[in-house]
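In the working numbering, the protein residues as written are 355 to 1228.
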């Protein structure tokens, strides 16, 4: 039968060998190797004690008991050297000190197997031994006590210097050593000296306390939890006690009632007591578990209850700031670190939360985020990584070292990474040291990890809520912007429709005016010819009016078509070499007579008469004609000067300057917009319905066409105007370099003089006379066709006396009209136009049915040389 003593020995030997092997494989540091030697020495002692107790031969027992002392004589110096390097793992072993400390032990070795060690031994038949120690035992006792004192002194000095994990390691080491040493010395040395050797097995068993505790401190050098260990020991002990007591109570009752005989009655009673035991034990177990956790493991709080209450609190909040405050408050009430912060990474910046300011700068925090994201763990404990062993075994030791260096000067002990569902670190929970630099226990770290996970869920939910809010705000903003834009476009569309309605009215007036005037002039000629009272002068006069207004109608239509082409990007530009002097001559010829009729000084100064430009001939003429026409039209006294000069950059500058009404500053920004007409030229007396009209007429597309054509030439219109004083319109075109042409052309021109203008006017009148003769012939043919038509198709002319009465003063009125430039009246409604078949008066022949037009404006369009006039206004 195996004795209890043998069981104790076997358990001690197996556990010691297992622990020594595990530590040997787990660490290669000298402190680990020293611990393995220390464990081997203790195991040697235990093994030979086991052999002594299990031999019946006194001679063998004497050898075994003498060899038992080999282990203990080396335990003292090994333990002292171990204390010197524990737990400072970066310290190297002092070989000289080790050798010196081992010399006394080596001196004991020759006397191990002699009677100086053990004199005699007596093996009892019923088990156990008794022996008579020699003088070596007497010397070995103070020797062992000396090394024990040295070791304690070393540990005390270290305890005063270290903090945190190292202090806790020393506490555990010293406590386990003290307990083991006291028990071993009493059981193996003191009691045998007193003649009590039967309790020798207690000494080896006590060594397990030291071996297991020290191995734990070496392997788990961080995250110690004395409270957890004590709590678990207390919990299991109390649970075992109730089971042990219950077992003996039930056995005693069975023996007392049923004499220990199993019967149906005893089995039935056993089932009854089993239910009672389960009910009692379940409540008892829950009670002691709660008491142990709240009193020993986590004094002052129950982690499960705290987490439950906190979870209920943060689940009702969507704002992450309040949830962070709740978690920080919970940490303050439970773990109680001296400082705590939560740093949230919001992409472009970081946000810090905590009761006091975090000394780390934004740049340092961003760098800490980057470093923390690069390590695999989400829990960084300073004491866990500060040892050299942790740095060396870590595959990312450089990153860890950098983190340690960063937080070395700050009150930071624990950093917990808070990650989202995509495993991205979105926040850091940073904690300082606890009061007295007590290290964080494993239980506390697990509790903090649970809080960090709860905060992760809260932050993810809050960020999602913020994104939804931001999305809703953005969506609402876009809806508001779209609504405002739609309203603006509706307003713009309404304004555009109003402008188009205005323009339809204006265009109606503008287009009807020349047609009505031309028609009335031709009807007047026809009426007078039928009467036979028309002479050549009057015939030519009316015919000129008709031809002039037809030309005006053509130019107006061309301007409208040109604006449409520009708007639809369908304009065709045919670039050619154009003489600057020709363009200016044509414009001056076209508007000289109109300027003279208004009493204006129209002059042109061409400083580069031989210059050429590469443009579309028709387009450049339209531009100049429109600028000169507008200047003459809106200038009532003073002058209109046209200047052409060459600039230093090789450009030709065209400038039209007038002393007209000018343009208000608020209207300048709108000049060039289609259909825009400056308020300067609105006549409050003239309206069409409820809308003001422009004087002296215009469509508002002339400058729009100018700017569009200049843009095609790579130029732009420059406007300088002062209200009430006049305006200056200018643009520049790149001068054509004649040296680059394959053939040089010598062109000589002179500035336009009044005699040249008169000569051109005479040529123009001759050409007009030819056209008038052709038109007369066409009219005569039409008359003959009408006379030959059936009577039912011939309209009855007016009575001769009625025509005579209407034409009495016509010539005088036309002459007076041509000598003036009256303001256009647009108050006549369209339904007041005379019928085509009615014979108009001479005044009606000159004035359109809905709008009177100055004769000077009509005559300026007769010129054959005029390429394309732009009778439009701003």
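Positions of the beta carbon are idealized from the N, C-alpha and C atoms, including for glycine.
DSSP state of residue i mapped onto helix, strand, coil
i, result
"residue 747", "Below a pLDDT of 50, predicted positions are generally treated as unreliable, and residue 747, at 46, falls in that range; the measurement from the model is reported next regardless. Reduced to three states, the DSSP call for residue 747 is helix."
"residue 653", "coil"
"residue 965", "coil"
"residue 805", "helix"
"residue 823", "helix"
"residue 615", "coil"
"residue 1059", "helix"
"residue 591", "helix"
"residue 778", "coil"
"residue 710", "coil"
"residue 705", "strand"
"residue 469", "coil"
"residue 666", "helix"
"residue 493", "helix"
"residue 762", "coil"
"residue 884", "helix"
"residue 832", "helix"
"residue 1025", "coil"
Start and end residues, alpha helix (DSSP H) containing residue i
i, result
"residue 542", "Careful: residue 542 lies outside any alpha helix (DSSP H) and carries neither H nor E."
"residue 792", "No alpha helix (DSSP H) holds residue 792; DSSP gives it neither H nor E."
"residue 975", "971 to 987"
"residue 1074", "From DSSP, residue 1074 is part of no alpha helix (DSSP H) but of the beta strand (DSSP E) over 1072 to 1076."
"residue 637", "618 to 646"
"residue 925", "Counting along the chain, residue 925 falls outside any alpha helix (DSSP H), and DSSP gives it neither H nor E."
"residue 1022", "1019 to 1022"
"residue 393", "384 to 407"
"residue 430", "424 to 439"
Bridge partners - residue i, DSSP secondary structure assignment
i, result
"residue 960", "998"
"residue 609", "Answer is none; residue 609 lacks a bridge partner."
"residue 993", "955"
"residue 785", "694, 768"
"residue 415", "Answer is none; residue 415 lacks a bridge partner."
"residue 1084", "1009, 1072"
"residue 872", "Looking at the DSSP assignment, residue 872 forms no beta bridge with any residue, so it has no partner."
"residue 931", "968"
"residue 1089", "967"
Boundaries (first-last residue) of the beta strand (DSSP E) holding residue i
i, result
"residue 1007", "1005 to 1012"
"residue 770", "768 to 773"
"residue 699", "694 to 699"
"residue 485", "483 to 487"
"residue 477", "472 to 477"
"residue 733", "733 to 735"
Proximal residues to residue i (C-beta, below 6 Å), its chain only, five neighbours per side dropped
i, result
"residue 1080", "1012, 1013, 1014, 1016"
"residue 1229", "The question about residue 1229 has no answer here: the residues shown for the chain are numbered 355 through 1228."
"residue 365", "none"
Residue from the options whose Cα sits closest to the Cα of residue i
i, options, result
"residue 401", "423, 383, 410", "423"
"residue 1083", "954, 757, 1008, 1058", "1008"
"residue 891", "902, 501, 879, 931", "879"
"residue 688", "979, 564, 795", "795"
"residue 429", "411, 417, 462, 413", "462"
"residue 810", "940, 788, 677", "677"
"residue 979", "993, 966, 941", "941"
"residue 947", "1118, 416, 464", "1118"
"residue 870", "641, 899, 394, 735", "899"
"residue 933", "964, 951, 914", "964"
"residue 936", "958, 910, 603", "958"
"residue 466", "546, 420, 724", "420"
Close Cβ partners of residue i (< 8 Å) along its chain, the five nearest in sequence each way excluded
i, result
"residue 961", "997, 998, 999, 1000"
"residue 1064", "977, 1070, 1071, 1085"
"residue 907", "865, 868, 869, 872"
"residue 299", "Here the chain covers residues 355 to 1228 and nothing more, so residue 299 does not appear."
"residue 372", "none"
Close Cβ partners of residue i (< 7 Å) along its chain, the five nearest in sequence each way excluded
i, result
"residue 635", "596"
"residue 505", "433, 434, 437"
"residue 855", "none"
"residue 425", "395, 396, 398, 399"
Any C-beta of chain B under 8 Å from that of residue i
i, result
"residue 374", "Going by chain labels, chain B is absent from the structure shown, which holds only one protein chain."
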